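Undergrad: First, the structure itself, so that you have it in front of you.
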Amino acid sequence: MFETQTPLPISISEHLALAEPKIKAFRSKEKISNSLTDSYKQIVNDFEQLKPANINIVNVAQQYGVQYRRVYDLFNLLTSLGVCQNVERGKLAWIGLSSVPSVISKAYAKIEIASLHKPMNQVFCLGQSPSLGMIATHFISMYLYFNVDTLLLRQVSSTFHDPRTDIKSLERRMYLVLSFLEIMGVVAHTMKTNEYKLILDLSAAKESALQQKRKYQQSKCPLSLENLLNSVGGPFTTDLQAERGRDYQLIRC
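This is how it looks when you write it as structure tokens:
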């Protein structure tokens, strides 16, 4: 998996070499700011248009003038969300931003299934060393779980936080993840401090996840209270959303 931090080789990517004139053409149309955020945006925009199949992280870092570690983090998250795919050691292929909803749907289905057996605070606790991808999928899933379109970073971090770890370290990683998600068009920072709005339409992804949950219930828990009640009209779903609404108000405090 790309989440491991094995150093990538320094070989030159053949596809990027071929794409270099196109990238320069894109970049020449608009002067790129020296800010790191603008560099990230340019990388994502260029690669979304070109969809290179032979990406080398060192080559990207050199071409865009960004530190290797920072580019590594970006592509680490992109790979976790299905935007990129490992094709061999040290080489990635760009699949596209359109892959994000299906990855979120699978991650959210796991959360919904886990919620059948665990309380909310256990479902969303990230443990001691969460990856960037894990932070991203759980943050996005929380919008769907509570059926809301805005979340405050501090309220989410308190739910994600493992008491054995430093919450400030977790929040720094969350800020990094959210900056990447903004660039990808998944969330947007609102006028309120530390508040983020979900702007990517994930309604189909949510419905798909809930269907997976129902299939799991029917096969693994046919006599569960939720399964039995939903089979005669679905009143349990309404009660469940009300309960989650109360949980949401508690974490906002």
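Residue 99 in the UniProt record's numbering sits at position 99 of the sequence shown, with consecutive numbering throughout. Here a beta-carbon is modelled for each residue, glycine too, at the ideal position from N, C-alpha and C. Since we're looking at a predicted model, the values are computed, not measured.
(1) So S129 and A107 are supposed to be a Cβ contact under 8 Å. How far apart are they, rounded?
(2) Bridge partners of K197, per DSSP?
(3) Buried or exposed: A204, going by 16 or more other Cβ atoms within 10 Å of its Cβ?
(4) Based on Cα-Cα distance, which residue from L170, A209, E171 and L153 lies nearest to H189?
(5) Pick from Y72, V186 and V66: whose alpha carbon is nearest that of S131?
(6) Kindly provide the ranges of any alpha helix (DSSP H) runs that are 4 or more residues long and lie completely inside the UniProt domain "E2F/DP family winged-helix DNA-binding" (31 to 96), ordered along the chain.
(7) Does the contact criterion of 3 or more C-beta pairs under 8 Å hold for the stretch 84 to 99 versus the stretch 51 to 59?
(8) What three-state label does DSSP hand G245 in the structure shown?
(9) Looking only at its own chain, which residues have a Cβ that is under 7 Å from the Cβ of C209, when we skip the five neighbours before and after it?
(10) Examine the Cβ distances between the stretch 148 to 164 and the stretch 32 to 48 and report whether three or more of them are shorter than 8 Å.
(11) Compute the beta-carbon to beta-carbon distance between L170 and V186, rounded to the nearest angstrom, for a pair I have assumed lies under 8 Å.
(12) Quick check: L81 and V100, are their CB atoms within less than 9 Å of each other?
(13) Here's a check: name, in chain order, each residue in its chain whose Cβ is nearer than 8 Å to the Cβ of G133, leaving out the five neighbours to either side.
(14) Do L126 and H117 have their C-beta atoms within less than 9 Å of each other?
(15) Quick one: Cα of Q211 to Cα of Q63, how far?
(16) Please report the distance separating the alpha-carbon of E195 from that of R70.
TA: In terms of the structure at hand:
(1) As a working mapping, residue 129 is identified with position 129 in the sequence shown. As a working mapping, residue 107 is identified with position 107 in the sequence shown. Rounded, the Cβ-Cβ distance is 18 Å, inconsistent with contact.
(2) Within the sequence shown, residue 197 is the residue found at index 197, counting from 1. In the DSSP assignment, the residues bridged to K197 are T150 and A188.
(3) As a first step, residue 204 is located in the sequence shown; it is residue number 204 there, counting from the start. When all chains shown are included, A204 counts as exposed.
(4) Looking up residue 189 in the sequence shown gives position 189. Nearest of L170, A209, E171 and L153 to H189, Cα basis: L153.
(5) Against the sequence shown, residue 131 aligns to sequence position 131. Comparing Cα-Cα distances from S131 to each of Y72, V186 and V66, the minimum goes to Y72.
(6) Annotation note: the UniProt domain "E2F/DP family winged-helix DNA-binding" (31 to 96) contains the following uninterrupted alpha helix (DSSP H) runs of length 4 or greater, listed N- to C-terminal: 36 to 50, 57 to 64 and 68 to 80.
(7) Three or more beta-carbon pairs drawn from the stretch 84 to 99 and the stretch 51 to 59 are found closer than 8 Å, and the two stretches are therefore classed as touching.
(8) Here residue 245 corresponds to residue number 245 of the sequence shown, with the count starting at 1. Note: G245 maps to helix in three-state DSSP.
(9) The residue given as residue 209 occupies position 209 in the sequence shown. Residue identity differs from the one stated: residue 209 is Ala in this sequence, not Cys. For A209, same chain residues with a beta-carbon under 7 Å away, outside a window of 5 residues either side, are S105, Y108, A109 and E112 in chain order.
(10) Taking 8 Å as the limit for Cβ pairs, the verdict is that the stretch 32 to 48 does not touch the stretch 148 to 164.
(11) Working through the sequence shown from its first residue, we reach residue 170 at position 170. Working through the sequence shown from its first residue, we reach residue 186 at position 186. Contact check for L170 and V186: beta-carbon distance about 19 Å, past the 8 Å limit, so the pair fails to qualify.
(12) As a first step, residue 81 must be located in the sequence shown, where it is residue number 81. As a first step, residue 100 must be located in the sequence shown, where it is residue number 100. By the CB criterion at 9 Å, L81 and V100 fall inside the cutoff.
(13) Within the sequence shown, residue 133 is the residue found at index 133, counting from 1. Once the five neighbours on either side are set aside, the close Cβ partners of G133 are E3, N76, L77, T79, S80 and L81.
(14) Position 126 of the sequence shown, counting from 1, holds the residue named residue 126. Position 117 of the sequence shown, counting from 1, holds the residue named residue 117. Note that the C-beta distance between L126 and H117 is not below 9 Å.
(15) Along the sequence shown, one-based indexing puts residue 211 at 211. Along the sequence shown, one-based indexing puts residue 63 at 63. Distance between Q211 and Q63, taken at the CA atoms: about 44 Å.
(16) Locating residue 195 in the sequence shown gives position 195, where the first residue counts as 1. Locating residue 70 in the sequence shown gives position 70, where the first residue counts as 1. Between the alpha carbons of E195 and R70 lies a distance of about 24 Å.
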